[in-house]
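Visitor: Listed in order, the protein sequences are those of chains A and B.
The numbering of the first sequence is the working numbering, which starts it at 15 and goes up by one.
The numbering of the second sequence is the working numbering, which starts it at 15 and goes up by one.
In this text, a Cβ means the ideal position worked out from N, Cα and C, and glycines have one as well.
Pasting a structure here, questions to come.
Number of protein chains: 2
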Amino acid sequence: MSGIELNELEALDIWRRAMVAGVRADAPDLSARQMALLLTVYLRPPPHTVRGLAELMKVSKPAVTRAVYRLSELQLVRRKADDSDRRSVLIQRTVRGSVFLREYAELIIAAARGETEADAGGLPPRY
Amino acid sequence: MSGIELNELEALDIWRRAMVAGVRADAPDLSARQMALLLTVYLRPPPHTVRGLAELMKVSKPAVTRAVYRLSELQLVRRKADDSDRRSVLIQRTVRGSVFLREYAELIIAAARGETEADAGGLPPRY
DNA sequence: CGCCTTCGTTACGGTTCCGTAACTTCTAGG
DNA sequence: CCTAGAAGTTACGGAACCGTAACGAAGGCG
């Protein structure tokens, strides 16, 4: 889909900048699984079910249930009963989640450009 | 340093692919902080101390101590007493850590290109 | 030598998350 | 109907991690 070419050092340094920025940020820090789930819900075509997400990420269903609970608590996703099969629960996007991910994307883009709050703010000597 | 230009969707989809791959992988799943720490040790010029890393990531020193313990348990980093100041501990790279990050870099690069094990392996319909 | 500061670790209480197993609700097939 | 199976949740015991606070070891300096 995208088609960006990077070398190893570029790739890792982008990752590092975004990762460190993420850790420092006041934003609710999501676990790797929660983040993976959130991104999947927003970037892959619906519908998204607990079962499907669990298989995709190769984790247990309860883990997905918990992640969805946490994310919906933060209002980053929404749960809705499936009318055609009421055993299923559809995990859907929210406005807040869209905003959150848009900001996260900016963070990654800034990292890819070589910017970071820390770098911008100075702090040259040891770190 | 790098200078890559991405748009939001590209950035997020790269992140998603790498994140999902990371969650599924058999690799020891590191927390965001552990990963940020590991990347910093390998990509920023030494020396690296507990204090310095804690300040950089804006977390408590014990958090760094624990992360270093966990990472050295996995042999991804190494602890060495500083001879010039024996209160300090220097966190250093290891062969295994280099290999690990090289593989991780490949994962990101593949994601940036638009590849994924899942995509390559088929699995077209719902996910 | 004493005193004070710094570095890193350990102790502690609390939070979050995990996977297995049991359970509820619903669908589908005979 | 009624039973077999599937989807999701809850219960439970255990593991990992956090930050504050207390602590031991080491350096700096009068």
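Looking at residue 104 of chain A and the ligand PLP, is the gap between the Cβ and the nearest heavy atom below 8 Å?
Guide: This structure lacks the ligand PLP, and indeed carries no ligand of any kind.
Visitor: What first and last residue would you give for the alpha helix (DSSP H) that runs through residue 100 of chain B?
Guide: Taking the first residue of the second sequence as position 1, residue 100 of chain B is located at position 86. It is not in any alpha helix (DSSP H) - residue 100 of chain B carries neither H nor E in the DSSP assignment.
Visitor: For residue 75 of chain A, which of helix, strand or coil comes out of DSSP?
Guide: As a position in the first sequence, residue 75 of chain A is number 61, starting the count at 1. Of the three classes helix, strand and coil, the one that applies to residue 75 of chain A here is helix, per DSSP.
Visitor: For residue 57 of chain A, which option in B:72, B:27, B:43 and B:42 has the closest C-alpha, if you only look at C-alpha atoms?
Guide: Translated into positions along the first sequence, residue 57 of chain A becomes position 43. Proximity to residue 57 of chain A across B:72, B:27, B:43 and B:42 peaks at B:27, based on C-alpha coordinates.
Visitor: Shorter than 9 Å from the beta carbon of residue 168 of chain A to some beta carbon of chain B?
Guide: Lying before the first or after the last residue shown, residue 168 of chain A is absent from chain A, which here runs from 15 to 141.
Visitor: Quick one: residues in its chain with C-beta nearer than 8 Å to the C-beta of residue 112 of chain A, no 5 flanking neighbours on either side, listed in chain order?
Guide: Here residue 112 of chain A refers to the residue found at position 98 when the first sequence is read from its first residue. Correct list, in chain order: 56.
Visitor: Can you tell me the Cα-Cα spacing of residue 125 of chain A and residue 84 of chain A, whole angstroms?
Guide: If you number the first sequence from 1, residue 125 of chain A lands on position 111. If you number the first sequence from 1, residue 84 of chain A lands on position 70. Cα to Cα, the separation comes out at about 27 Å.
Visitor: Looking at chain A, which residues of the region 97–128 of chain B have a Cβ within less than 8 Å of any of its Cβ atoms?
Guide: When C-beta distances to chain A are compared with 8 Å, the residues of the region 97–128 of chain B below that value are 115, 116, 118, 119, 120, 122, 123, 126, 127 and 128, in chain order.
Visitor: Return no unless some Cβ of chain B is closer than 9 Å to the Cβ of residue 34 of chain A.
Guide: Here residue 34 of chain A is taken as the residue at index 20 of the first sequence, counted from 1. Taking Cβ atoms only, chain B reaches closer than 9 Å to residue 34 of chain A, which makes this a yes.
Visitor: Taking the straight line between their C-alpha atoms, what separation do you get for residue 86 of chain A and residue 92 of chain A?
Guide: Locating residue 86 of chain A in the first sequence gives position 72, counting from the first residue. Locating residue 92 of chain A in the first sequence gives position 78, counting from the first residue. Distance between the alpha carbons of residue 86 of chain A and residue 92 of chain A: 5 Å.
Visitor: For residue 80 of chain A, decide whether its Cβ has a neighbour in chain B, counting only Cβ atoms nearer than 9 Å.
Guide: As a working mapping, residue 80 of chain A is identified with position 66 in the first sequence. Not an interface residue.
Visitor: Residue 70 of chain B and residue 54 of chain B look like a contact to me (Cβ under 8 Å); what is the Cβ gap, rounded to whole Å?
Guide: For the purposes of this step, residue 70 of chain B is taken as the residue at position 56 of the second sequence. For the purposes of this step, residue 54 of chain B is taken as the residue at position 40 of the second sequence. Confirmed, about 7 Å.
Visitor: Check the Cβ of residue 72 of chain A against every Cβ in chain B and list those closer than 7 Å, keeping chain order.
Guide: Mapped onto the first sequence, residue 72 of chain A falls at position 58. Those within 7 Å of residue 72 of chain A in chain B are 38.
Visitor: Can you tell me whether residue 95 of chain A is buried or exposed, with buried defined as 16 or more other CB within 10 angstroms of its CB?
Guide: Reading the first sequence from its first residue, position 81 is the one you call residue 95 of chain A. Residue 95 of chain A should be labelled exposed.
Visitor: With 16 other CB atoms within 10 Å as the buried threshold, where does residue 23 of chain A fall?
Guide: Stepping through the first sequence from its first residue, residue 23 of chain A is reached at position 9. The residue is exposed, with fewer than 16 neighbouring Cβ atoms inside 10 Å.
Visitor: According to DSSP, simplified to helix, strand and coil, what is residue 89 of chain A?
Guide: As a first step, residue 89 of chain A is located in the first sequence; it is residue number 75 there, counting from the start. In this structure, residue 89 of chain A counts as coil in the three-state DSSP scheme.
Visitor: If you compare alpha carbons, which of A:105, A:67 and A:123 is closest to residue 47 of chain A?
Guide: Here residue 47 of chain A is taken as the residue at index 33 of the first sequence, counted from 1. Among A:105, A:67 and A:123, the Cα nearest to that of residue 47 of chain A belongs to A:67.
Visitor: Check whether chain A comes within 9 Å of residue 83 of chain B, counting only Cβ atoms and requiring the distance to be less than that.
Guide: Residue numbering aside, residue 83 of chain B sits at position 69 when the second sequence is read from its first letter. No, residue 83 of chain B does not count as interfacial toward chain A.
Visitor: Is it buried or exposed, residue 110 of chain B, if we count other Cβ atoms within 10 angstroms and call 16 or more buried?
Guide: The sequence position of residue 110 of chain B within the second sequence is 96, counting from 1. Residue environment for residue 110 of chain B: exposed (fewer than 16 other C-beta atoms within 10 angstroms of its C-beta).
Visitor: Got a sec? Which residues, its chain only, sit under 7 Å from residue 118 of chain B by beta carbon, not counting five neighbours each side?
Guide: For the purposes of this step, residue 118 of chain B is identified with residue 104 of the second sequence, where counting begins at 1. If we look at residue 118 of chain B and ignore the five residues flanking it on each side, it has no Cβ neighbours.
Visitor: Which word fits residue 116 of chain A, buried or exposed, when buried means at least 16 other C-beta atoms lie within 10 angstroms of its C-beta?
Guide: Counting from 1 along the first sequence, the entry for residue 116 of chain A is found at position 102. Exposed, by the Cβ-count rule.
Visitor: Which residues in the same chain as residue 80 of chain A place their Cβ atom closer than 8 Å to its Cβ, once the five residues preceding and following it in sequence are excluded?
Guide: Locating residue 80 of chain A in the first sequence gives position 66, counting from the first residue. Here residue 80 of chain A has no same chain residue with a Cβ atom under 8 Å from its own Cβ, once five neighbours each way along the sequence are excluded.
Visitor: By the 7 Å beta-carbon criterion, what residues does the region 47–58 of chain B contribute toward chain A?
Guide: Residues 47, 49, 50, 53, 54, 57 and 58.
Visitor: Distance, Cα to Cα, residue 49 of chain A vs residue 33 of chain B?
Guide: Within the first sequence, residue 49 of chain A is the residue found at index 35, counting from 1. Within the second sequence, residue 33 of chain B is the residue found at index 19, counting from 1. Cα to Cα, residue 49 of chain A sits roughly 8 Å from residue 33 of chain B.
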